[in-house]
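Only one structure is covered here, and it is reproduced in the block below.
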Amino acid sequence: MPNSLTSNLLPPTSLRLIFMGSPDFAVPCLQALIDSEHEIVAVYCQPPRPAGRGHKLRNTPVHDLAESHGIPVHYPTSLKSAEEQKIFADYQADAAIVAAYGLLLPQAILDAPKRGCINVHPSRLPRWRGAAPLQRTIMAGDTETSLCIMQMEAGLDTGAVLREEPYHIADGMTAGELHDFMAARAGAAVLKVLAENPQPHPQSEQGVTYASKIDKAEARIEWSQPATKLRQHILGLSPFPGAFTEYQGETLKILNADLSSSPQPSPPGGEGMVLDNALTVACAEGALRLTVLQRAGKKPMSAEELLRGHAIPKGARFA
């Protein structure tokens, strides 16, 4: 069993840390740890993958940051082998900090650091466990969330919470904005956990919900839904993968929308119909005014910009 963070001994001023993360979300946390008194002895991330028009191998953002500071970088495709587990254990880390790493950690990895593995989870627990907590939080219309720092165990996001920072979700916040908000605060939260050695609080067995990975098919906008629900759907999938609809055979991503205050009623059976010349679209209940859209192969643009070069008149219908 790994040693717990509940030790009565105060942690040393400087800890030997392994950082495990890959995407942009993890970069501010790693930078905060690099800037701290702690020693980052190794970084683990996803392998370089083909990207861009030339399909050249591209490092993850965490990989690039670690290399720029001379930190050893590992990117195994699995941590299940005895060889990889020995490499990890030989660093004799006090703790491993995990933030959007992308691989499951076998028990031998969880047990290797003296204080175990500590995970940055950007949503309330156990409300949203799983792969897409930020998107699911917004899609569900939650108005409150939390940044949770969690002691990892074998279960999926089931470990005891070491620190919880609650936050209000502003009306109209997208998943992308919530992502950046949480990423900016993760490093400070982790440093407080390392300094304060808090008592872990087991998660409740009540209210468990799994934030399953976003399936491309579910990103399609179903105009037969109420406007309030569709707005949260759009905000929760913005900017990626982007909720989408179709117009005259072309896929349009809808990245932001407001609830319409127009008194004009939606026509019976008119779900998906454009009600005016400003891209207000009828829903089953109410209407949405589309504000940010993206055509295939183009950059996101405001509704006004899109309409200047691509007419979508009143009476048109989205599919």
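Just add 728 to the spot in the sequence shown (first one is 1) and you have this note's numbering. C-beta: ideal position from N, C-alpha, C; glycine also. Computed from a predicted structure; not experimentally measured.
In the DSSP assignment, the alpha helix (DSSP H) including residue 920 goes from what residue to what residue? Mapped onto the sequence shown, residue 920 falls at position 192. 903-924 is the extent of the alpha helix (DSSP H) around residue 920.
8 angstroms contact criterion, which residue 1017 and residue 985 should meet: CB distance rounded: Taking the sequence shown and counting its residues from 1, the one referred to as residue 1017 is at position 289. Taking the sequence shown and counting its residues from 1, the one referred to as residue 985 is at position 257. Rounded to whole angstroms, the Cβ separation of residue 1017 and residue 985 is 6 angstroms, and the two are in contact under 8 angstroms.
For residue 1037, three-class secondary structure by DSSP: The count along the sequence shown starts at 1 and reaches residue 1037 at position 309. Note: residue 1037 maps to helix in three-state DSSP.
I'd like to know whether the C-beta atoms of residue 964 and residue 897 end up nearer to each other than 7 angstroms. As a first step, residue 964 must be located in the sequence shown, where it is residue number 236. As a first step, residue 897 must be located in the sequence shown, where it is residue number 169. Contact check for residue 964 against residue 897 fails: the beta carbons are separated by 7 angstroms or more.
Please return the same chain residues whose Cβ sits closer than 8 angstroms to the Cβ of residue 1047, not counting the five positions on each side in sequence. As a first step, residue 1047 is located in the sequence shown; it is residue number 319 there, counting from the start. 973, 974, 975 and 1000, listed in sequence order.
Tell me which same chain residues have a C-beta within less than 7 angstroms of the C-beta of residue 734, skipping the five on either side of it? As a first step, residue 734 must be located in the sequence shown, where it is residue number 6. Annotation note: pLDDT 39 at residue 734 (below 50); position unreliable, no value reported.
Just to confirm my understanding: we take residue 939, look at its own chain, exclude 5 residues before and 5 after, and list those with CB closer than 6 angstroms. What are they? Numbered from 1 along the sequence shown, position 211 holds the residue referred to as residue 939. Excluding the 5 residues flanking it on each side, residue 939 has same chain C-beta neighbours closer than 6 angstroms at 856, 858, 860, 861 and 864, in chain order.
Are there three or more Cβ pairs, one per stretch, closer than 8 angstroms when the segment 869-876 is compared with the segment 894-912? Short answer: they touch.
Counting contacts by CB-CB distance shorter than 7 angstroms, is residue 996 in contact with chain D? Of the protein chains in the structure, only one exists, and it is not chain D.
Per DSSP, residue 978 is paired with what? Here residue 978 is taken as the residue at index 250 of the sequence shown, counted from 1. DSSP links residue 978 through a beta bridge to 975.
By the three-class DSSP mapping on this structure, what secondary structure does residue 734 have? If you number the sequence shown from 1, residue 734 lands on position 6. Interpretation of residue 734 is limited by its pLDDT of 39, a score under 50 that renders its predicted location unreliable; the figure taken from the coordinates is listed afterwards. Under the three-state reduction of DSSP output, residue 734 falls in the coil class, being neither helix nor strand.
Over what stretch of residues does the beta strand (DSSP E) that includes residue 749 continue unbroken? If you number the sequence shown from 1, residue 749 lands on position 21. Start and end: 744-749.
Spell out a yes or no on whether the segment 753-767 and the segment 793-804 are touching, meaning 3 or more CB-CB pairs, one atom from each, closer than 8 angstroms. The answer is yes - the segment 793-804 touches the segment 753-767, with three or more Cβ pairs under 8 angstroms.
Can you grab the Cα-Cα spacing for the pair residue 884 / residue 834, in whole Å? Sequence index remark: in the sequence shown, residue 884 carries index 156 (1-based). Sequence index remark: in the sequence shown, residue 834 carries index 106 (1-based). When rounded, the distance between both Cα atoms is 12 angstroms.
Under 6 angstroms from any heavy atom of the ligand NAD, does the C-beta of residue 1003 make it? What this structure holds is no ligand at all, so the ligand NAD is not there to describe.
With 16 as the cutoff for other CB atoms within 10 Å, does residue 968 come out buried or exposed? Indexing the sequence shown from 1 puts residue 968 at position 240. Using a 10 angstroms sphere on the CB of residue 968, the tally of other CB atoms stays under 16, which defines it as exposed.
If distances are taken between C-alpha atoms only, which option among 887, 944 and 1012 comes closest to residue 950? Within the sequence shown, residue 950 is the residue found at index 222, counting from 1. If we check each option's Cα against that of residue 950, 1012 comes out closest.
Could you give the C-beta distance for residue 822 and residue 890, rounded to a whole number, given that I count them as a contact under 8 angstroms? The residue labelled residue 822 in the question sits at position 94 within the sequence shown. The residue labelled residue 890 in the question sits at position 162 within the sequence shown. Rounded, the Cβ-Cβ distance is 15 angstroms, inconsistent with contact.
Residue 953 (DSSP reduced to helix, strand or coil): Stepping through the sequence shown from its first residue, residue 953 is reached at position 225. DSSP places residue 953 in coil when its eight states are reduced to three.
Report buried or exposed for residue 741, applying the criterion of at least 16 other Cβ atoms within 10 angstroms of its Cβ. As a working mapping, residue 741 is identified with position 13 in the sequence shown. Its Cβ having fewer than 16 others within 10 Å, residue 741 is exposed.
With burial defined as no fewer than 16 other Cβ atoms inside 10 Å of the residue's Cβ, what is the status of residue 915: buried or exposed? Residue 915 sits at position 187 when you count from the first residue of the sequence shown. Buried, by the Cβ-count rule.
Beta bridge counterpart(s) of residue 845 as assigned by DSSP: For the purposes of this step, residue 845 is taken as the residue at position 117 of the sequence shown. Residue 845 is bridged by DSSP to 824.
Can you list, in chain order, the residues of its chain whose CB lies under 7 angstroms from that of residue 785, leaving out five sequence neighbours each side? Taking the first residue of the sequence shown as position 1, residue 785 is located at position 57. So the list reads 776, 777 and 778, once near-sequence residues are dropped.
If you draw a straight line from the alpha carbon of residue 1042 to that of residue 1026, how long is it in whole angstroms? Here residue 1042 corresponds to residue number 314 of the sequence shown, with the count starting at 1. Here residue 1026 corresponds to residue number 298 of the sequence shown, with the count starting at 1. For residue 1042 and residue 1026, the distance between alpha carbons rounds to 23 angstroms.
Where does the unbroken alpha helix (DSSP H) through residue 755 begin, and where does it stop? The count along the sequence shown starts at 1 and reaches residue 755 at position 27. Segment 755-762, the alpha helix (DSSP H) holding residue 755.
Going by beta carbon distance, what residues of the same chain come within less than 6 angstroms of residue 729, once the five residues before and after it are set aside? Residue mapping note: residue 729 aligns to position 1 of the sequence shown, counting from 1. The predicted model places residue 729 with a pLDDT of 40, which falls under 50 and marks its position as unreliable; any figure quoted below should be read in that light. Cβ within range, chain order: n/a, list empty.
Kindly list the residues whose CB is nearer than 7 angstroms to the CB of residue 751, restricted to its own chain and excluding five residues on each side of it in sequence; keep chain order. Here residue 751 refers to the residue found at position 23 of the sequence shown. Taken in chain order, the residues that qualify are 788, 789 and 828.
Can you tell me where the beta strand (DSSP E) holding residue 874 begins and where it ends? Position 146 of the sequence shown, counted from the first residue, corresponds to residue 874. Looking at the DSSP string, the run of the beta strand (DSSP E) that includes residue 874 is 872-879.
Residues that DSSP places opposite residue 894 in a beta bridge: For the purposes of this step, residue 894 is identified with residue 166 of the sequence shown, where counting begins at 1. According to the DSSP secondary-structure assignment, residue 894 is paired through a beta bridge with 874.
Buried or exposed for residue 783, going by 16 or more other Cβ atoms inside 10 Å? Translated into positions along the sequence shown, residue 783 becomes position 55. An exposed status is given to residue 783, since fewer than 16 other beta-carbon atoms sit within 10 Å of its beta-carbon.
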